[in-house]
Each structure stands twice: as C-alpha cells, then as structure tokens.
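S.K.: In my numbering, the protein residues as written are -8 to 124.
Each residue gets a CB set at the ideal place from its N, CA and C atoms; glycine is no exception.
All figures in this text were calculated on a predicted structure; none of them were measured in a lab.
1. Thinking residue 64 and residue 110 are a contact (beta carbons under 8 Å), I'd like their distance in whole angstroms, please.
2. Look at the Cβ atom of residue 91, then the Cβ atom of residue 76, and state whether they are nearer than 8 Å.
3. With a threshold of 6 Å on Cβ separation, who are the neighbours of residue 94 within its own chain once the five nearest residues in sequence on each side are excluded?
4. May I ask you to report which of helix, strand or coil DSSP gives residue 31?
5. Assign residue 116 to buried or exposed, taking buried as 16 or more other Cβ atoms, counted over all protein chains shown, within 10 Å of its Cβ.
6. Quick one: residues in its chain with C-beta nearer than 6 Å to the C-beta of residue 48, no 5 flanking neighbours on either side, listed in chain order?
7. For residue 72, which three-state DSSP category applies?
8. Please classify residue 100: does DSSP put it in a helix, a strand, or coil?
9. Is the CB-CB distance between residue 112 and residue 24 below 8 Å?
10. State the start and end residues of the unbroken beta strand (DSSP E) segment that holds residue 46.
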C-alpha cells in the first residue's frame, strides 16, 4: 500500500513541476472568408496575449498568380508600417505574407485584403493569459 501512495505522490509532484515551468500557451487565432466559390482569404494572428504576428493567406489563388499586393487594416484604417502594403508570394498552393510582430490592443480588429479582390478577412486580438490557473 505504501508503494502505491508513494508512486502516486511522485507522479503528482512531477505533473505540478511541469505545469509550473511551462511557458504561457500561445493565443493563435485565425479567420477566413466564408464563401464557397471564388477567392478564399484568411488572416492568422500568431503569438501570445496581445503580441501577435499577422499573416495574410490567399488559400486558393489561380496557378498563374505568383505574387499579389496585400494590405493590413487596423480597426478599419491602414496603419503606416514600412512594410504595408506587403507583397504576398506563393508558398506551395497558397499566397501568403507575414508582417512584423507587434503589440496590439485587446479587441483591435485586424483585417487583410489582397489587391483586386473584394473579400476581406478580419480577426480580433484576444488578451488571453493561460499561465494563470
């Protein structure tokens, strides 16, 4: 009986140690246009809490399209970044562009739009701190 209690206690301590040393979980999120035909556009926010790297993705570009200008919008306005608009390039079957990592305000609305495409994909910044239990 003592061995079972000892092993159970050791396992609980090991799990507590792993959880206490783990880094905060990422708060990655994404959103895509919801049309069944035509261009499928997505925006992905990669990062944790309010520090995110926006990524624009055109999921189904025609095979002949190798690059396309893409713009990022913050709360409906185009921010003045040195790399905005950017030039999305083909990666496999998709076109994508990644902006620099930045700190955003919680609930900021980040949208992306590819040149000559009417569809816009938007995602809200979420302030998530999963490190607190």
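M.R.: Taking the structure as given:
1. Wrong, their Cβ atoms sit about 13 Å apart, outside the cutoff.
2. no
3. 41 and 42
4. coil
5. buried
6. 33, 85 and 87
7. Residue 72: coil per DSSP, three-state reduction.
8. strand
9. yes
10. 42 to 49
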